[in-house]
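Single-structure report; data block below.
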Amino acid sequence: MENNIQNKNAIKDQVAVLKCTSYDKEELSQKIEKCVSLIGGFEKYISGTKKILLKPNFLSASPPATAVTTHPAFVESIIEIIKKIAGSNIEITIADSPGVATPHTKRDLSKLYEITGFKYFHDIPGVTLNLDTGYRTVSFKDGKVLKQLEVIKPVLEADLIINLPKFKTHSLTRMTGAVKNMYGIIHGRTKTLLHTKFMDIHKFNDMLLDVYLFKKPVINIMDGILGMEGEGPGTSGKARETGLILASTNGIALDNVASILMGFKEKQIPLMSCAMERNLPGFELKDIAILGEKIEEVIISNFILPKNSNIDRITKNRFINTYIFPFIRNTLSLSPYQNKIKCKLCGTCRYICPEIAIIIEGEKLKLDYKKCIRCYCCSEMCPNAAMELKYSFLGNLIFSKKRKILN
133 MENNIQNKNA IKDQVAVLKC TSYDKEELSQ KIEKCVSLIG GFEKYISGTK
183 KILLKPNFLS ASPPATAVTT HPAFVESIIE IIKKIAGSNI EITIADSPGV
233 ATPHTKRDLS KLYEITGFKY FHDIPGVTLN LDTGYRTVSF KDGKVLKQLE
283 VIKPVLEADL IINLPKFKTH SLTRMTGAVK NMYGIIHGRT KTLLHTKFMD
333 IHKFNDMLLD VYLFKKPVIN IMDGILGMEG EGPGTSGKAR ETGLILASTN
383 GIALDNVASI LMGFKEKQIP LMSCAMERNL PGFELKDIAI LGEKIEEVII
433 SNFILPKNSN IDRITKNRFI NTYIFPFIRN TLSLSPYQNK IKCKLCGTCR
483 YICPEIAIII EGEKLKLDYK KCIRCYCCSE MCPNAAMELK YSFLGNLIFS
533 KKRKILN
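Those letters in the sequence shown? Residues 133 to 539, by the numbering used here.
Right, dumping it as structure tokens:
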């Protein structure tokens, strides 16, 4: 795999990749600043700005060691760099609408900040930890599938956004990076309703692209120091030391490179297929300048991908995938099931399920698989990693064979 930096005049997008082994303050600040300097430096993107919004991944109220959320030390280092460049008058807001297992209320946001290690940011001068739960409905005429969005207020009030995603796998979208992280600008439970509206994985990714393009960040800086493998992006995934920082002005290009570092094949994640169909820059790896480390030297060995990483389409026949597969999806796709040992019957899965396909009867969960749309929100948001995913006998027979062929 080439480190495509020779013909810079012909390349539109750059992705910087640097090794960083810890969240030690001195090393972290130095590596973040160096990584961003490879694509122009912070000053290029924030000069003359008054209000900056930092958009971390606040999926759920989980400690930093779980790798569920962007690490507080990572965000603090970026704040210090911004202040050094822009001065003390800069207004910085940290905001996200967490996964719907965390209700979008002031009390629950405060609890999330405490558990994720962000509570002390309240005491940093010039920094606001968002507690505003308001949103506005806005039109987006350029959206392909999403023409109207319910967006949290801090996003609309900021001059620019710096996107701070986490390096994680995702049971539905295969990975979650810069583009998926911007889904958090959508208010509260609306995110769950969009799962119902866009059940097809490719339409869902088109929706994610619409959200990303609505308020495109000026720069995306990925926390890949402690990443997540397996059945991410929540507690069902496993934290793993990945030792990387990535930066780019193009979130699609950044996600493309990040997916390769995880071990995905080119265009294996549905997001890249959707970007290619829309001719959005960043979907073609050969057109990306990868700066810093040589990509072949930082691909993570034996990184565990989600179980369904090879099965978004049964065949290459578009008609079958579009019109036939949806009718047999429930028979073949991964399905959630209760791990009775881990389950605490907290009711999180029932609360967030967009189709109300989960009920609690006595000491057991009852899942209605006819209603289930396989969005995996229950697995993503379970605080105890008790909603696991498995294939039916037929699905396992088909896709275990396909995984062997593809691998």
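Yeah, the Cβ is synthetic: ideal placement off N, Cα and C, and Gly gets one too. Please read these numbers as outputs of a predicted model, since none were measured by experiment.
{"Query": "Alpha carbon to alpha carbon, what distance is there between residue 393 and residue 140?", "Result": "Model confidence at residue 140 stands at a pLDDT of 44, short of 50, so the residue's coordinates are unreliable; what they give is reported in the following sentence. Approximately 22 Å, taken between the alpha carbons."}
{"Query": "Look at the alpha carbon of residue 231 and the alpha carbon of residue 425, and state the distance between them as a whole number of angstroms.", "Result": "33 Å"}
{"Query": "In this structure, what does DSSP give as the bridge partners for residue 306?", "Result": "302"}
{"Query": "Can you name the residues that DSSP bridges to residue 519?", "Result": "470"}
{"Query": "Give the DSSP bridge partners of residue 269, in chain order.", "Result": "282"}
{"Query": "May I have a chain-ordered list of the beta strand (DSSP E) segments no shorter than 3 residues that lie completely inside the segment 347-415?", "Result": "351-362 and 369-380"}
{"Query": "Is the beta carbon of residue 351 sitting closer than 8 Å to the one on residue 294?", "Result": "yes"}
{"Query": "Over what stretch of residues does the beta strand (DSSP E) that includes residue 223 continue unbroken?", "Result": "223-226"}
{"Query": "Please go through the same chain and pick out, in chain order, the residues whose beta-carbon is closer than 8 Å to the beta-carbon of residue 220, but skip the five residues on each side of it.", "Result": "257 and 258"}
{"Query": "Leaving out five residues before and five after residue 485 in sequence, what residues of the same chain have Cβ atoms less than 7 Å from its Cβ?", "Result": "509 and 510"}
{"Query": "Could you tell me the distance, in whole angstroms, from the CA atom of residue 475 to the CA atom of residue 397?", "Result": "35 Å"}
{"Query": "By DSSP, does residue 287 sit in helix, in strand, or in coil?", "Result": "helix"}
{"Query": "If distances are taken between C-alpha atoms only, which option among 177, 207, 355 and 191 comes closest to residue 153?", "Result": "355"}
{"Query": "Roughly how many whole angstroms lie between the Cα atoms of residue 160 and residue 213?", "Result": "11 Å"}
{"Query": "According to DSSP, is residue 439 part of a helix, a strand, or is it coil?", "Result": "coil"}
{"Query": "Please check the pair residue 395 and residue 431, which I expect to be a contact at CB under 8 Å, by giving their CB distance rounded to whole angstroms.", "Result": "7 Å"}
{"Query": "Around the C-beta of residue 427, are 16 or more other C-beta atoms found within 10 angstroms, so that it is buried, or is it exposed?", "Result": "buried"}
{"Query": "Name the DSSP beta bridge partners of residue 260, please?", "Result": "225"}
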